[in-house]
Structure formats: C-alpha cells, structure tokens
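Residues in the sequence shown are numbered consecutively from 814, following my numbering.
Take a look at the structure set out below.
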Amino acid sequence: MANQVVEAVRARRFWVLTHEVTVPIALLRSEDLRADRNPSPNPGDLARRGPEPVVDPSSP
C-alpha cells in the first residue's frame, strides 16, 4: 500500500484507492445521499454479517 501512496503523491492524485470495491461503494453512498435515503449496506458487510434481522414493530 505504501507504494500506491507514493505513486499517488508523485502523480499529484488526491484519491488513493487501495481496494477495487472502494469506488462502487462510494458511488452507492453518493446515490443514497442524493436520493435522501439512509445508507445502503455495503455488499461485503452483508456477506460477513448475514441478512438484517426482521424487527416486529408490535413487539415491546
């Protein structure tokens, strides 16, 4: 990763993206923001956590 940072500094690049998934996730966040909706879960987070639990609104 250090090499990527050095290359980015030399090339005067602001963004130093170290993982392929960074751009798609950032775009998803941007779309959520523009649509005025809560952030969507990252695809990788879903794979690690499993599906979100279903909450029964009538339960105490």
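Every residue, glycine too, gets a C-beta built ideally from N, C-alpha and C.
Everything numeric in this text was worked out from a predicted model, so none of it was measured.
With distance defined between alpha-carbon atoms, name the residue in the options nearest to residue i.
i	options	result
Pro837	Glu820, Ser853, Val819 and Phe827	Ser853
Met814	His832, Arg847, Arg825 and Ser843	His832
So what's residue i in DSSP terms, helix, strand or just coil?
i	result
Arg850	coil
Thr831	coil
Asn855	coil
From residue i to residue j, what does the alpha carbon distance come to, in whole angstroms?
i	j	result
Glu820	Ser871	55 Å
Glu844	Asn816	31 Å
Arg823	Thr835	21 Å
Leu846	Asn855	14 Å
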